[in-house]
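This report concerns only the one structure given below.
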Amino acid sequence: MKIIPVLDILNQTVVRGIAGQRETYQPIQSGLTRSCQPLDIAQALNDEFGFTEFYVADLDAILQQRLNLKLYQSLLDAGFTFLLDCGLRRAADSQPLSGLEGLTMVAGLETLDSPQELNQLIQDWGTASSVFSLDLKQGKPVCNGSPDNSFAAIDDPLEIAELGLQQGIKQIILLDLAHVGTGQGTGTE
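Once you know that position 172 of the sequence shown is 163 in this note's numbering, the rest is easy, because the numbers rise by one and skip nothing.
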């Protein structure tokens, strides 16, 4: 099993995500550091547990389409690698990130415009650096309502996963937002 700590970033601060209710997220409080700055949290997790890889959910980018390029670069400069969910709608949205070594791009069902965009992301980044996040809330798929998004017409998460595999994806994260930070397990049983 591989454990990858998550850094939920809102207003360039690490926040504690609870049940996908983003409007209630507050800066994280940790016994490892008094800081809630992403680099400080990553360094504290590295110092205490040896983590060098993280999952970064950039809520600034997901909610406001505002990439935190300096933040990403600071994490990479410190020697960390990470899976980045920055709210990609189209594969072209990842272009500003193409020169950053150490990133794996996450295409979330919640924001992705279509299966074709997932396929294009794989073409642009390769299978090793592309991950599909099958986003659920209480077991139901959370999809972008874009008119051409055939993911949105599917209610069964397994069928969505199959469509993702047909696009060439090799790595899938199954995430039920309603269970995040609740201490009630993953909800993906």
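Where a beta carbon is used, it is the ideal one built from N, C-alpha and C, also for glycine.
Using only CA atoms, which one of the options lies nearest to residue i?
i	options	result
residue 127	103, 166, 158 and 157	166
residue 79	25, 137 and 45	137
residue 59	85, 41 and 43	85
residue 63	41, 82 and 96	96
residue 149	34, 139, 140 and 132	132
Determine the direct distance from the alpha carbon of residue j to that of residue i, and round the result to whole angstroms.
i	j	result
residue 56	residue -3	20 Å
residue 18	residue 4	7 Å
residue 61	residue 68	10 Å
residue 99	residue 87	18 Å
residue 82	residue 121	11 Å
residue -7	residue 42	11 Å
residue 71	residue 90	16 Å
Should residue i and residue j be called a contact, given that it needs their Cβ atoms to be closer than 7 Å?
i	j	result
residue 44	residue 0	no
residue 23	residue 39	yes
residue 125	residue 152	yes
Note down, in chain order, each residue of its chain lying with its Cβ closer than 8 Å to the Cβ of residue i, except the 5 sequence neighbours on either side.
i	result
residue 53	76, 77, 78, 99, 101 and 102
residue 141	105, 106 and 154
residue 66	29, 30, 33, 45, 47 and 73
Contact between the stretch 150 to 168 and the stretch 102 to 113 (3+ Cβ pairs under 8 Å): Contact holds: three or more Cβ-Cβ distances are below 8 Å.
Below 8 Å, how does it come out for the stretch 65 to 76 and the stretch 20 to 28: are there three or more Cβ pairs, yes or no? Touching, no, given that fewer than three Cβ pairs across the two stretches are closer than 8 Å.
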